[in-house]
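With my numbering, letter number 268 in the sequence shown gets 292, and the count goes up by one each step, no holes.
Beta carbons are placed, not taken as given, at the ideal position from N, Cα and C, and that holds for glycine.
Keep in mind the model is a prediction, meaning the values are calculated, not measured.
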Amino acid sequence: MRTPRAALTLSDSTQLDALMRKESQEGELFPPPAAVGDHSARWKQFRRLARKELRESLRDHRTVFTLVLMPILVYPLLGLVIQKFAVDAAAAESTPVATVIFDPSFPGPDIDEILDSPSGYLWPEPDEPPAITDSGPAANSGDAELPLVSGLLDGVGADVPPQQSIRLELLEGTVPPDRIEEAVALGVADVGVRWHPQTRNSETGRVQSAAYEIIHRTGDRLSIQGAEKLERQLRNLREYYSRLALRDAGVGRAWMRHIGATGVEPIGRKQSPLETFVPLMLVLMTMTGAVYPAIDLTAGERERGTLEMLIASPVSRRTLLAAKFFAVFVVAVLTATVNLVATVITVYSGHLNNVIFPEGLTLGMLTQVLALLAVFAAFFSAVLLCVTSFARSFREAQAWLIPLMLVSLAPGILSLLPSVQLTLPLTLVPLVNIVLLGRSLLQGSPSVGLFCCTLASTALYAVIALRFAGRVFGSDAVLFGATGDQTGRWLQRSQTVNAAIPSGS
25 MRTPRAALTL
35 SDSTQLDALM
45 RKESQEGELF
55 PPPAAVGDHS
65 ARWKQFRRLA
75 RKELRESLRD
85 HRTVFTLVLM
95 PILVYPLLGL
105 VIQKFAVDAA
115 AAESTPVATV
125 IFDPSFPGPD
135 IDEILDSPSG
145 YLWPEPDEPP
155 AITDSGPAAN
165 SGDAELPLVS
175 GLLDGVGADV
185 PPQQSIRLEL
195 LEGTVPPDRI
205 EEAVALGVAD
215 VGVRWHPQTR
225 NSETGRVQSA
235 AYEIIHRTGD
245 RLSIQGAEKL
255 ERQLRNLREY
265 YSRLALRDAG
275 VGRAWMRHIG
285 ATGVEPIGRK
295 QSPLETFVPL
305 MLVLMTMTGA
315 VYPAIDLTAG
325 ERERGTLEML
335 IASPVSRRTL
345 LAAKFFAVFV
355 VAVLTATVNL
365 VATVITVYSG
375 HLNNVIFPEG
385 LTLGMLTQVL
395 ALLAVFAAFF
405 SAVLLCVTSF
415 ARSFREAQAW
425 LIPLMLVSLA
435 PGILSLLPSV
445 QLTLPLTLVP
455 LVNIVLLGRS
465 LLQGSPSVGL
475 FCCTLASTAL
485 YAVIALRFAG
495 RVFGSDAVLF
505 GATGDQTGRW
515 LQRSQTVNAA
525 IPSGS
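Set out below in structure tokens:
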């Protein structure tokens, strides 16, 4: 049979003496046992233990780094990255240029006229003959000379504005027709046009219409956009010749069905992706701030050999766990507050407020976001205490928390999708409800019902996690590292009985 370990595992009595001298400045090392129903004594025990745990947490250099130094370092860098992306996005809106090479035997109008013509076209009036060269197809030449290409046709109609997304530019010099594909593949040009003249099958007598073949690089955005615009230009040219033929045949423009496109502004303001990223960043930083205090107050004390001494003290385990939870919760809320302030300073100093907060940022909005983060901090602090109570060392606790953090990232990334909106079922999903509600708060359009459901569900999860942590914390299997069937005994225990400590008298 295994011999139970002693409750006190301090190897050196001087450590206990030093701890007693340190605590003697504020009162007794451990408060006397509270009588049943004596809520005042229990409250004094809780305050003393909570003050002790919070003081020890704030003295840890890892907690100070997460609480103070990390926001100072992370948010200015984040602001610079966002500004860089904004500059790149503005530069991307400028008109790019795609170079084009044509087959030397290319017929039709002047090539520069094709490249510079707008994507829309007009019905040719009788007194306005088309400006085409002698080598171009005649008005009554039929389908044999019409440019036939496959792809997307858009921009039909006189009132459709020309496409300004890309500009086509002719590449100087000539390339043989059999080398056009190679030139485009090597990047000498972005788009190539090869001319296939009309052919006749000698056996069947069937005429194969002439065609333009547009060549582009697969996977190259500039090359694909240039090919699409050039295809529109050639389609417009073909349509132009068709209208000339119909006009000469006596068919008026009234027989042609006009196709136009009209753009409308969306109702409501445009949503910025940063409106979701900012709440997610705040939630992740709040989680990070609660990690080290939770590890230090559970696995850290067990590794130092002081957890057994706390369990053996005349304080109920519920009070001891509540004090540790309070310390972790306060550090998490402080982290959330510092990160929220750092976010606001970064946004306004980087002149990003019109992008992230186009309708302005009010004090009430900040208060609601902070309350939301506080409820989430309570939930995640309880979850952390529940997980870290299993660990026997600081390193083992970190290994336990890696899967937890990875699992927590999945719903956070899901909430980044613009199509995901906060609904009643999503208010029951942890982390997703917080991020989506934070986005609604920053947009200035939160639903009171969804807000209350999110807070209530998160608070309920915090209570459940805290009760679960209460059953784990201080159990013999956790304290003494039992293995086998003993590791699950805490699951069957309905309550923990604290035996009275005999006095020395």
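- Beta-bridge pairing by DSSP links GLU237 to ARG218.
- Boundaries of the alpha helix (DSSP H) harbouring ALA398: 387-412, taken from the DSSP string.
- In the DSSP assignment, ALA480 falls within the alpha helix (DSSP H) that extends over 472-496.
- Under DSSP, ARG191 takes part in a beta bridge, and its partners are VAL121.
- Going by beta carbons, VAL315 and LEU430 fall outside the 8 Å limit.
- In its own chain, leaving out the 5 sequence neighbours on each side, no residue places its CB closer than 7 Å to the CB of VAL487.
- For the 8 Å CB-CB criterion, ILE138 and LEU261 form a contact.
- For HIS85, the enclosing alpha helix (DSSP H) has its first and last residue at 85-88.
- The Cβ atoms of ALA395 and PHE349 do not sit closer than 8 Å to each other.
- Secondary-structure assignment with DSSP links ARG224 through a beta bridge to VAL231.
- Taken through DSSP and simplified to helix, strand or coil, PHE126 comes out as strand.
- Cβ atoms of THR310 and LEU91 stay farther apart than 8 Å, at about 11 Å.
- If you compare the alpha carbons of THR370, LEU192, ALA351 and GLU206 with that of ILE96, the shortest gap goes to THR370.
- Residue state for GLN445 is assigned as coil, using DSSP reduced to three classes.
- Annotation for ALA401: THR310, ALA314, PHE353, ALA356, VAL357 and ALA360 place their beta carbon closer than 7 Å to its own, counting only its chain and skipping 5 residues before and after.
- When only Cα atoms are considered, SER64 and PHE70 end up about 10 Å apart.
- Assigned with DSSP and collapsed to three states, LEU304 falls in helix.
- If the five residues before and after ARG191 are omitted, its C-beta is found closer than 6 Å to the C-beta atoms of THR119 and VAL121, all from its own chain and listed in chain order.
- Distance from the CA of MET305 to the CA of LEU452, rounded to the nearest whole angstrom, comes to 20 Å.
- Assigned with DSSP and collapsed to three states, GLY462 falls in helix.
- With a threshold of 16 other beta carbon atoms within 10 Å, PHE403 meets it and is buried.
- If you look at PRO201, you'll find it isn't in any alpha helix (DSSP H); DSSP assigns it neither H nor E.
- Here the alpha carbon of SER233 sits roughly 30 Å from the alpha carbon of ARG245.
- Going by beta carbons, VAL217 and VAL124 fall inside the 8 Å limit.
- The three-state secondary structure of PRO454, taken from DSSP, is coil.
- PHE418 is positioned such that its CB atom lies no closer than 8 Å to that of GLU325.
- Taking the CA atoms as reference points, ALA489 sits about 7 Å from CYS410.
- In the structure shown, ARG416 falls within a coil segment according to DSSP collapsed to helix, strand and coil.
- The straight-line gap separating the alpha-carbon atoms of LEU438 and PRO317 is approximately 28 Å.
- For SER337, the three-state secondary structure derived from DSSP is coil.
- In the structure shown, THR286 falls within a coil segment according to DSSP collapsed to helix, strand and coil.
- Between VAL339 and SER413, the CB-CB gap reaches or exceeds 8 Å.
- Comparing alpha carbon positions, the residue from ASP127, PRO100 and GLY473 closest to VAL368 is PRO100.
- Take THR242, set aside five residues on each side of it, and no residue of its chain has a beta-carbon closer than 7 Å to its own.
- Assignment of GLU325 by DSSP, reduced to helix, strand and coil, places it in the helix class.
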